[in-house]
Amino acid sequence: FGKQPSSKENRPHRQWQKVDHRQQQNSRNIRFQISTIPSLLITLILTMSLSLQAGGTSSRALPNASTQANALMANQATTRPITTGTSVLGIKYKNGVMLAADTLCSYGSLAKYKNAKRLLNINSRTLIGASGEYSDLQSISDLLKANALADRCTSDSLYEEDNNEECAKEVWSYLRAVMYNRRNKMNPLWNDVVVAGFKQNTDGTTSDTPFLGVVDKIGTAYEDDILATGFGGYIALPLMREKYRPDMEEGEARALLEDCLRILFYRDCRALNRVQIAKVTKEGGVLVSDPYELDTFWDFKEFVTPKGAMGTDGGW
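Taking the working numbering, the leading residue of the sequence shown gets 528, the next gets one more, and so forth.
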């Protein structure tokens, strides 16, 4: 048997083994730390992106003006009409043009606003009325009145007798372009707008010819002697065609419009007997009446007789 090495002789070998184990452990720690750096960076970036606001601060600061404007712009498109008005009727008569509409705005099937005025004067010789979304009508009114004010401020003369205002046909043509532009942007104004007034001569004076035109939400526009929007296009327009004459007096035109509005109140679930009448004449300009109520009659035989007949109460 050979001589066994002493414990002192085995000690340096064991020390080298300890050093090798420490180096292996350190290398493993370094590799683990290097491998975790990308995940830590990604986590840090996500945390910062969620916490930082537009102002560059990590606190939950109030949104600035630009973020509020972007939020408003994102919600300005009317996807469907919510608060709506129904029919608007228009007719030319001997010395002018007249519009009529009720004052009801419906929130779906709820008769919510009963004093919403939908006949608006734009200037001294132009009048508009609209059915459809009421907020879009307010937007159209603000736009046209801003244009009228700009024309007044940039004209060569500020005197009213010089008459630098747009005529009804110019307003109608402008609305046609506005409606078609909004339609192409997939953000239409949900209205059918009736424009009434007088045309303009080449020298800028008011013509003797009354004007009556309509523009719908996709930019379709046309002129006629009698017009009706909404449900009135089905119920009132045939009656107006039957009784219309180009030489009608103002009283005859008003009576015809009131009869049509009364029938619409009987037949249209979104109509009301509280109405407005407005007219445009060459001498008197634009005049819009205060709302008033039409007299109604509910004792017609068709309203009283049970619809089911056969001795029943009219139910199914």
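A virtual CB, placed ideally from N, CA and C, is assigned to each residue, including glycine.
Rounded C-alpha distance that separates residue i from residue j
{"i": "V742", "j": "D719", "result": "6 Å"}
{"i": "D751", "j": "G740", "result": "6 Å"}
{"i": "T823", "j": "E785", "result": "11 Å"}
{"i": "K828", "j": "Y771", "result": "28 Å"}
{"i": "S585", "j": "Q803", "result": "Confidence in S585 is poor, its pLDDT being 40 and thus under 50, which makes the residue's placement unreliable; the coordinate value appears in the next sentence. The straight-line gap from Cα to Cα measures roughly 57 Å."}
{"i": "R797", "j": "A675", "result": "32 Å"}
{"i": "V624", "j": "A677", "result": "26 Å"}
{"i": "G635", "j": "P608", "result": "9 Å"}
{"i": "T729", "j": "T736", "result": "13 Å"}
{"i": "L764", "j": "F738", "result": "18 Å"}
{"i": "L671", "j": "R679", "result": "12 Å"}
{"i": "L702", "j": "D669", "result": "13 Å"}
Selected residue, minimal CA-CA separation from residue i, among the options
{"i": "G816", "options": "M713, K828, A628", "result": "According to the sequence displayed, residue 816 carries Ser and not Gly. Selected option, being the one with the closest Cα: A628."}
{"i": "N648", "options": "P818, R709, K806, V831", "result": "K806"}
{"i": "Y640", "options": "M775, L799, L664, S666", "result": "L799"}
{"i": "L646", "options": "G659, S636, A677, G635", "result": "G659"}
{"i": "T610", "options": "Y661, S668, N622", "result": "Y661"}
{"i": "K644", "options": "L764, V831, Y819, T732", "result": "Y819"}
{"i": "G757", "options": "N642, G778, L788", "result": "L788"}
{"i": "F902", "options": "R794, G778, L814", "result": "Any property of residue 902 remains undetermined from this structure, which presents the chain solely from 528 to 843."}
C-beta contact flag for residue i and residue j at 8 Å
{"i": "A748", "j": "W699", "result": "yes"}
{"i": "V721", "j": "L766", "result": "no"}
{"i": "R652", "j": "G812", "result": "yes"}
{"i": "I655", "j": "M706", "result": "no"}
{"i": "R801", "j": "T605", "result": "no"}
{"i": "L791", "j": "I762", "result": "yes"}
{"i": "T808", "j": "N622", "result": "yes"}
{"i": "E693", "j": "N650", "result": "yes"}
8 Å contact criterion, which residue i and residue j should meet: CB distance rounded
{"i": "C632", "j": "G612", "result": "5 Å"}
{"i": "A704", "j": "G724", "result": "Actually they are not in contact, since the Cβ atoms of A704 and G724 sit about 18 Å apart, beyond 8 Å."}
{"i": "E810", "j": "Y620", "result": "At roughly 14 Å, the Cβ-Cβ gap does not stay under 8 Å, so E810 and Y620 are not in contact."}
{"i": "L716", "j": "I667", "result": "6 Å"}
Interface flag, residue i vs chain D, CB-CB below 8 Å
{"i": "L814", "result": "Among the protein chains of the structure shown there is no chain D, as only one such chain exists."}
Which runs of the beta strand (DSSP E) fall wholly inside the stretch 768-812 and span at least 3 residues, in chain order? Entirely contained in the stretch 768-812, the beta strand (DSSP E) runs reaching 3 residues are, in chain order, 801-808.
Write down every uninterrupted run of the alpha helix (DSSP H) in the stretch 678-759 whose length is 4 residues or greater and which is fully enclosed by it, in chain order. 695-711, all fully within the stretch 678-759.
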